[in-house]
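Accompanying notes for the structure given below.
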Amino acid sequence: MTEPTVDPSHVHALVVGIEQYQAGPAYDLNGPARDALGFAHWLLAHGVQPANIQLFLSPLDQNREVLAEAETQGLSPQEATRDRISRTITDRFVDRGGRERRLYVFWAGHGFITKLDTTTRRLLFADTNTRNKWNLDFDTLLQAFQTAKHGAVFPRQIFLIDACANPMFQDFYPTLQAAAAGEGFVTSGTQGQAEQFALFAAAEYAVATNLTQAGTGRFSRAVLEELQAQPLWPNMPELTSKIKANFRDQQHLEPVFWSVSLGSGDREVTDTISQRITIMPAPAIAMSGSERFQLIKTLNDLPIVEFEILVNTLNPPGGLVPPSSAAQGIRSSALLQWIEGPTGPGLNELQAVLGQVMVGASAAQKLNDSAKPSTNNISSSSKKDRLQKEIQMLEAQLERCFSKRLLTNDPDAEVKFENLENKLEQNIALKKSELESLN
Numbered sequence: 001m002t003e004p005t006v007d008p009s010h011v012h013a014l015v016v017g018i019e020q021y022q023a024g025p026a027y028d029l030n031g032p033a034r035d036a037l038g039f040a041h042w043l044l045a046h047g048v049q050p051a052n053i054q055l056f057l058s059p060l061d062q063n064r065e066v067l068a069e070a071e072t073q074g075l076s077p078q079e080a081t082r083d084r085i086s087r088t089i090t091d092r093f094v095d096r097g098g099r100e101r102r103l104y105v106f107w108a109g110h111g112f113i114t115k116l117d118t119t120t121r122r123l124l125f126a127d128t129n130t131r132n133k134w135n136l137d138f139d140t141l142l143q144a145f146q147t148a149k150h151g152a153v154f155p156r157q158i159f160l161i162d163a164c165a166n167p168m169f170q171d172f173y174p175t176l177q178a179a180a181a182g183e184g185f186v187t188s189g190t191q192g193q194a195e196q197f198a199l200f201a202a203a204e205y206a207v208a209t210n211l212t213q214a215g216t217g218r219f220s221r222a223v224l225e226e227l228q229a230q231p232l233w234p235n236m237p238e239l240t241s242k243i244k245a246n247f248r249d250q251q252h253l254e255p256v257f258w259s260v261s262l263g264s265g266d267r268e269v270t271d272t273i274s275q276r277i278t279i280m281p282a283p284a285i286a287m288s289g290s291e292r293f294q295l296i297k298t299l300n301d302l303p304i305v306e307f308e309i310l311v312n313t314l315n316p317p318g319g320l321v322p323p324s325s326a327a328q329g330i331r332s333s334a335l336l337q338w339i340e341g342p343t344g345p346g347l348n349e350l351q352a353v354l355g356q357v358m359v360g361a362s363a364a365q366k367l368n369d370s371a372k373p374s375t376n377n378i379s380s381s382s383k384k385d386r387l388q389k390e391i392q393m394l395e396a397q398l399e400r401c402f403s404k405r406l407l408t409n410d411p412d413a414e415v416k417f418e419n420l421e422n423k424l425e426q427n428i429a430l431k432k433s434e435l436e437s438l439n
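Here the sequence shown stands for residues 1 to 439, where the numbers follow UniProt numbering.
Rendered as structure tokens:
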């Protein structure tokens, strides 16, 4: 329920915004640090003491002014690394005594799920890389905050998570590694002592959208806008309803939420992906698990030119599929999620377009194979034939790159394809020069 008279001194917060990861530039996000600082500003405006806000920011180099802004507000931002965040969670929240407090957890950055015995939400730390796969096991965090060593230190808790929840790893062994690298939290408290309310930007197997040009997450922006008219401890079902309506009006996949009732220990699932599926149109075709695996593998294995042509032909809403700088596995999952969603064209359309794209790729490969020189002595005539085929192959690749560059809305991808075009044109000129010398 709404509690406008809650004492601000009883409110504590863990606020995280990560834009830059040790994993490399492909993981860069423009917005989470600013969004996290925006949430901290909202808390301060409601009278929450700076000392009660544990702020972790890892901004892009271009956004490092957020650190100075935080400090001018009396906040002490820290780097969002595994050790610092985990130590703060344990020392300041889980193992701390005292009652009658409220807790906020706001996290903006990359996230994913693993599916082994159960499906687990995970959040990446700033010092995560492709080798260590460090991540925060969000499910154990919820349990630790609910049970707590001294009983529920924070009887009422709100979680706002702006992160993807799609599988980052398709194969079993990397998935197992990611699960093993998860930072978990265990307590010995009594089960079911806290009221928890969680609002996620993405349902399981879905992606959250970051608006790169605007420098904000779509979910974070909606949350911060709606919070401006809310008291320090808002009516969360009402707030969630407004945020979901915002997404629905713009024809975006809605956030999901659930709550746990105070003292019961029973999770009351208010909105889940399974409930969302029941109101979605049935897909035109059904797929078995093995067929889905093969489809994902096909998407992941597509050459970059063909994958970009596929994406631009299907034309998903802007921001729904991550840019070409992201890993293709992440982009494939996002594309497939949209394809099968209520606003997507369906699997029939995907397979039709994919078939056309693969025919083009196969033809280019055959042309490439036929252009390879024999190990036998090559006559002048056969050299001409080989060079002509190589030129045809390169010109076909150039045409595909040119088409892709005209279709893309991603400036980084446009530069990549323009550079590739230049290299192809240089190779074509060299081959033609060699061909002319044989005449």
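Glycine included, every Cβ here is placed at the ideal spot set by N, Cα and C.
Remember, it's a predicted structure, so these values are computed and weren't measured experimentally.
Span separating the alpha-carbon of residue i from that of residue j
| i | j | result |
| --- | --- | --- |
| L160 | F106 | 5 Å |
| S290 | K297 | 10 Å |
| H12 | F39 | 13 Å |
| E79 | A202 | 25 Å |
| Q146 | Q20 | 30 Å |
| E421 | F154 | 58 Å |
| E390 | L438 | 15 Å |
| V269 | Q196 | The predicted model places V269 with a pLDDT of 47, which falls under 50 and marks its position as unreliable; any figure quoted below should be read in that light. So the two alpha carbons sit approximately 11 Å from each other. |
| E349 | I309 | 14 Å |
| A334 | P345 | 14 Å |
| residue 455 | F307 | Absent from the model: residue 455. The displayed extent of the chain is 1 to 439, so no value can be given. |
| A144 | K133 | 22 Å |
| I243 | L224 | 10 Å |
| T343 | N166 | 18 Å |
| N52 | L103 | 10 Å |
| A194 | M236 | 15 Å |
| G215 | R248 | 22 Å |
| T375 | L302 | Any reading at T375 needs caution, since the residue's pLDDT is 43, under 50, leaving its predicted position unreliable; the model's value is listed next. Rounded to whole angstroms, T375 to L302 spans 30 Å at the Cα level. |
| residue 479 | A126 | Residue numbering for the chain in the displayed model covers 1 to 439; residue 479 lies beyond these limits and cannot be assessed. |
| R131 | G111 | 16 Å |
DSSP-derived helix/strand/coil call for residue i
| i | result |
| --- | --- |
| E69 | helix |
| P167 | strand |
| E308 | helix |
| E19 | coil |
| D137 | strand |
| A214 | coil |
| L103 | strand |
| G329 | helix |
| F145 | helix |
| R131 | coil |
| Q388 | helix |
| E434 | helix |
| S76 | coil |
| E204 | coil |
| V94 | helix |
| A229 | coil |
| L424 | helix |
| F39 | helix |
| L335 | helix |
| H10 | helix |
| G184 | coil |
| R64 | coil |
| V256 | strand |
Under 8 Å between C-beta atoms of residue i and residue j
| i | j | result |
| --- | --- | --- |
| T90 | Q22 | no |
| G24 | L57 | no |
| P59 | G74 | no |
| D117 | G184 | no |
| S76 | L55 | yes |
| A108 | G182 | no |
| L142 | N135 | no |
| Q388 | L435 | yes |
| V6 | W338 | no |
| F200 | F257 | yes |
| Q230 | L239 | yes |
| residue 440 | E395 | Nothing can be reported for residue 440, as the shown portion of the chain is limited to 1 through 439. |
Cβ distance (whole Å) where residue i is taken to contact residue j below 8 Å
| i | j | result |
| --- | --- | --- |
| F293 | P255 | At roughly 28 Å, the Cβ-Cβ gap does not stay under 8 Å, so F293 and P255 are not in contact. |
| A68 | L37 | Rounded, the Cβ-Cβ distance is 11 Å, inconsistent with contact. |
| E226 | I113 | So it is not a contact: roughly 26 Å between Cβ atoms. |
| P8 | V48 | 5 Å |
| A33 | A327 | No, A33 and A327 are not in contact; Cβ-Cβ is about 22 Å, not under 8 Å. |
| P317 | R331 | At roughly 14 Å, the Cβ-Cβ gap does not stay under 8 Å, so P317 and R331 are not in contact. |
| G341 | N210 | Going by Cβ atoms, the distance from G341 to N210 rounds to 18 Å, so no, they are not a contact pair. |
| R121 | D139 | 6 Å |
| A163 | A208 | 6 Å |
| H10 | R101 | 5 Å |
| A180 | F169 | At roughly 12 Å, the Cβ-Cβ gap does not stay under 8 Å, so A180 and F169 are not in contact. |
Cβ-heavy atom distance, residue i to the ligand FAD, below 7 Å
| i | result |
| --- | --- |
| L310 | Absent from the structure shown: the ligand FAD. Ligands present: none. |
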